[in-house]
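Residue numbers (our numbering), protein chains in the order written: chain Y, 14 to 124; chain A, 16 to 127.
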């Protein structure tokens, strides 16, 4: 599985959009991009995933560049409850494989 | 649905003691994973099981053994606990198709 690179930390004002980048320059054609978040010491929570098209759900939007080498998770109106560590991983579909997480981005939402 | 259930939630061991962390999922998933998370750090993969009857090493397998007892259950055993194994342990599962990992709530282990 391709490795990912994320900034260590980011800040965002409450009510503003939080844009969290992820670089996955060695991604393969059959690898999906997945985003998770971890609040305090709870188990990570799935947010969204995509292959090459932009995706949106009730939690967030995922924008994947045309060359698929990077993506951005967008939380449109961040709240204090969105303060968490956000992980971006890539995964080959159709097979079970090592699913490794990096250190993620620590998002701090402030008043 | 309970999802992924981990037991126990908390455990304190003395150095050299052994224990087994239990994980069960009720989503009929093929693949299961064990991760550890040290304070302020990301998740590191210990072992995973692609399907019933198979297990493979992850990034940090030393000091651990696993058993995929059946499709539902995947246990992690510490034969001789060490203080360096103090961590939060997460179990996760997923299907082979395009689906996300589902995580349990973790087992917080302290080895003194």
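By construction, the Cβ of each residue, glycine as well, lies at the ideal position given by its N, Cα and C atoms.
Query	Result
So which residues of chain Y does residue 94 (chain A) contact, with C-beta pairs closer than 9 Å?	Within chain Y, no residue comes near residue 94 (chain A); the closest Cβ sits about 23 Å away, beyond 9 Å.
Could you tell me if residue 31 (chain Y) is buried or exposed, where buried requires 16 or more neighbouring beta carbons within 10 angstroms of its beta carbon?	buried
I'd like to confirm the pairing. Which residues does DSSP put opposite residue 158 (chain Y) in its beta bridges?	An answer regarding residue 158 (chain Y) cannot be provided, because it is not within the stretch 14 to 124 covered by chain Y.
Is the Cβ-Cβ distance between residue 70 (chain Y) and residue 76 (chain Y) less than 8 Å?	no
Tell me the DSSP secondary structure of residue 71 (chain A) in three-state form.	strand
With DSSP as the reference, label residue 29 (chain Y) as helix, strand or coil.	coil
Hey, residue 27 (chain A) and residue 122 (chain A): beta-carbon distance below 8 Å or not?	no
Compute the Euclidean distance between the alpha carbons of residue 94 (chain A) and residue 111 (chain A), then round it to the nearest angstrom.	30 Å
Give me the subset of the region 77-103 of chain Y whose CB atoms are less than 9 Å from a CB atom of chain A, sorted by chain position.	98, 100 and 102
In chain order, what residues of the same chain have a beta carbon less than 7 Å from the beta carbon of residue 17 (chain Y), not counting five sequence neighbours either side?	35, 36, 37, 101, 102, 103 and 115
Would residue 89 (chain A) count as contacting chain Y if we go by Cβ distances under 8 Å?	no
Could you check whether residue 60 (chain A) and residue 52 (chain A) sit closer than 8 Å to each other, using their CB atoms as the reference points?	no
Does the beta-carbon distance from residue 81 (chain A) to residue 64 (chain A) come in below 8 Å?	yes
Could you name the residues of the same chain whose beta carbon sits closer than 8 Å to that of residue 68 (chain A), not counting the 5 residues immediately before and after it, in chain order?	83
For residue 117 (chain Y), return the contacting residues in chain A, with the cut-off set at a CB-CB distance below 9 Å.	57 and 58
Can you list the residues of chain A that residue 37 (chain Y) reaches, using a CB-CB cut of under 9 Å?	Per Cβ cutoff of 9 Å: no residues; residue 37 (chain Y) is ~16 Å from chain A at best.
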